[in-house]
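Down below is the structure, laid out as structure tokens.
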Amino acid sequence: MNKPLRRIAIFCGLLVLALLLRDNYIQYVQADTLRTDSHNRRVAIERYATPRGNIIVDGNPITGATETKKNGINDFVYKRTYKDGAMWAPVTGYASQAFDASQLEKLDDGILTGNDDRLFFRNTLDMVTGKPKQGGNVVTTLNAAAQKAAYKGLLSRGKGAVAAINPQTGAILALASTPSYDPSSFAGNTNTDAKAWNKLQKKNNPDDPMLNRALRETYPPGSTFKVVTAAAALENGLYTTAEQHTDTPLPYILKGTRTELKNEGNIPCKNATMRVALKVSCNTVFGKIGADLGKDKMQEEAEKFGFNSEQLTPVRSNASVFPKKMDDAQTALSSIGQFETAATPLQMAMVASAVANQGTLMKPYMVDKLQAPNLDVISQTEPEKMSQPLSEANAQILQSMMETVVKEGTGTKAQISGVTVGGKTGTAQHGVANSEKPYAWFISYAKLPDGSSPVAVAVVVEDGSASRDDISGGGLAAPIARDVMKAVIDSKK
120 MNKPLRRIAI FCGLLVLALL LRDNYIQYVQ ADTLRTDSHN RRVAIERYAT
170 PRGNIIVDGN PITGATETKK NGINDFVYKR TYKDGAMWAP VTGYASQAFD
220 ASQLEKLDDG ILTGNDDRLF FRNTLDMVTG KPKQGGNVVT TLNAAAQKAA
270 YKGLLSRGKG AVAAINPQTG AILALASTPS YDPSSFAGNT NTDAKAWNKL
320 QKKNNPDDPM LNRALRETYP PGSTFKVVTA AAALENGLYT TAEQHTDTPL
370 PYILKGTRTE LKNEGNIPCK NATMRVALKV SCNTVFGKIG ADLGKDKMQE
420 EAEKFGFNSE QLTPVRSNAS VFPKKMDDAQ TALSSIGQFE TAATPLQMAM
470 VASAVANQGT LMKPYMVDKL QAPNLDVISQ TEPEKMSQPL SEANAQILQS
520 MMETVVKEGT GTKAQISGVT VGGKTGTAQH GVANSEKPYA WFISYAKLPD
570 GSSPVAVAVV VEDGSASRDD ISGGGLAAPI ARDVMKAVID SKK
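Residue numbers (our numbering): 120 to 612.
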């Protein structure tokens, strides 16, 4: 072979070798990545080739599937359907042939489609016996009656959110957000679905109905944060009983400034006891507590309740914020839920939950178990302690203070006959120079005669005809919290 031919042969051999190496790299190294890539249409085709398994609440499916191929819709055979889709959207998310999936539909897609590796043996057996592949189920911790009460209450108030938790386990019982959307409206792959999707996008709809306000929106918590500040005072020994006078002057001037921290209305805050200060919601008392403790101790207590950390339920919840860089005046404002303090409704439900559970905060979760198509349990969530924001003794002191708020303070509209309710109202002002309507808050828990606490709730109403005082939280949000708590209690009878 002459020299030019030899060079060409070697070059061609190298090309073949490179092709073989590339082919093997794609087949064996990149196989899983390419197989599951969202841009691989085969992934979507496989996802909708069989009916998806269901998301379950109280033993009943809140999802379904319908055949679409007979209607000539591309190469997808089934599409997702939802029962009361708008009510459950903050829990389920969506599964769409055109727009992928979100929340539980996305996180547990492998179980719902039947493609999860944990179903391999089951799928292999079905293949041998000729049975069609089936999806498994996601069994939630949600309480249908509580969710209905939360959603119904919010619908009459405009924008808002509710989160409810079982304090003893951390199980999420309700997660509602308004305005909402029906995932069924864009579950397919048609022009109609595309129009419905586009209509829901924030750029086309300023109300942003696809925002999960219970998990993904942080609000100034206003006076509901005073529960955290009271916990910090008790835990750090600044005060040891609910009846201690706080030596708070009136007026109270923010440290390092000439600015007076004002209370809302003519309320008895001068040298008030801790109990009275929480009952009437004294800004001066809790602002002074925060400044006296200092930012480090306040931050430590807030973080024990879950602030400054994302929560995975398994759906991700935004991190609530207690600012880390503050002077004394800003610490005082942060300690009454102002300045840069911000919280999700889930976070504030966690605060009420920890107080109700004798100071122990349980990790919140909304998936009880994952099931195979034959209902065998693939995985089960076990309740998990998250932190200990309060000692049992201090939790009981704070419970007595919160129960006074509902018995004779700003939260009387949360009362339930035969049930002990503890709560805290809040009105969080926002906008430039507080020009916008305030957010109305209420956090609470219910305690049964046997001492157990089956539910803690946080409610926030973004707008409405709210006045600028704490009774707005009592007027707008407390009745919703009451109805959610009552729904949980009644469902256990």
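For every residue, glycine included, the Cβ atom is placed at its ideal position computed from N, Cα and C.
Please read all numbers here as calculations on a predicted model, not as lab measurements.
In its chain, beyond the 5 residues on either side, E522 and K566 have a beta carbon closer than 7 Å to the beta carbon of T539. Taking 8 Å as the cut-off, the Cβ atoms of D312 and K374 do not count as close. Excluding sequence positions up to five before and after S428, its CB lies within less than 6 Å of the CB of A438, all in the same chain and listed in chain order. Residues of the same chain with a CB within less than 6 Å of the CB of A269, apart from the 5 flanking positions on each side, are V281, A293, A295 and V603 in chain order.
Counting only runs of at least 4 residues, the stretch 459 to 493 fully encloses the following alpha helix (DSSP H) elements, listed from N- to C-terminal order: 464 to 475.
If you compare the alpha carbons of M467, S506, V347 and N355 with that of M520, the shortest gap goes to V347. Sixteen is the threshold: since fewer than 16 other Cβ atoms of the shown chains lie within 10 Å of the Cβ of Q499, the residue is exposed.
With contacts defined by Cβ atoms closer than 8 Å, P170 and G254 form a contacting pair. In this structure, L334 is the residue among P387, Q266, L334 and Q216 with its C-alpha nearest to the C-alpha of A461. Going by DSSP, V196 is part of no alpha helix (DSSP H) at all; its letter is neither H nor E.
Counting the other CB atoms within 10 Å of its CB gives I372 a total below 16, which places it among the exposed residues. For Y558, the three-state secondary structure derived from DSSP is strand.
The beta carbon of A600 sits closer than 6 Å to those of A533, F561, S563, V576 and V578, all from its chain and outside the five residues before and after it, given in chain order. With 16 or more neighbouring CB atoms inside 10 Å of its own CB, L489 falls in the buried class. Annotation: D236 to Y167 spans about 18 Å, alpha carbon to alpha carbon.
The C-beta separation of T187 from G307 comes to about 6 Å, placing the pair in contact by the 8 Å criterion. Listed in chain order, the beta strand (DSSP E) elements of length 3 or more contained wholly in the stretch 277 to 320 are 279 to 284 and 291 to 297. In the DSSP assignment, the residues bridged to N179 are V176. The residue from L124, P209, N173 and K414 with its alpha-carbon nearest to that of L465 is P209. In terms of Cα proximity to S571, the closest of A137, N285 and L273 is N285. If you look at Q449, you'll find it in the alpha helix (DSSP H) that goes D447 to S453.
Within the DSSP bridge table, the entry for S436 names Q430 as partners. For T259, the beta-bridge partners assigned by DSSP are V486. Relative to the Cα of M206, the nearest Cα in the group P483, S299, I516 and E459 belongs to S299. In this structure, DSSP gives K543 an extended state, which the three-state scheme calls strand. Around the beta carbon of I386, 16 or more other beta carbons sit within 10 angstroms, so the residue counts as buried.
In the DSSP annotation of this structure, the continuous segment of the beta strand (DSSP E) that includes A575 starts and ends at V574 to V580. Looking from the CA of L369, the closest CA among G204, D326, E224 and T378 belongs to T378. In this structure, L595 places its C-beta atom within 8 Å of the C-beta atom of A559.
The residues A290, I291, M485 and D487, in chain order, have a CB closer than 6 Å to that of T260 in the same chain once the five nearest residues on each side in sequence are set aside. With a threshold of 16 other beta carbon atoms within 10 Å, F130 falls short and is exposed. Between the alpha carbons of F405 and T365 lies a distance of about 9 Å.
The beta-bridge partner set that DSSP reports for K504 consists of M481. Comparing alpha-carbon positions, the option among A163, N179 and P180 lying closest to A214 turns out to be A163. Taking A184 as the centre and dropping the five residues before and after it, the same chain places the C-beta of P170, R171, Y197, K198, R199 and T200 closer than 8 Å to its C-beta, in chain order. An exposed status is given to G132, since fewer than 16 other beta-carbon atoms sit within 10 Å of its beta-carbon.
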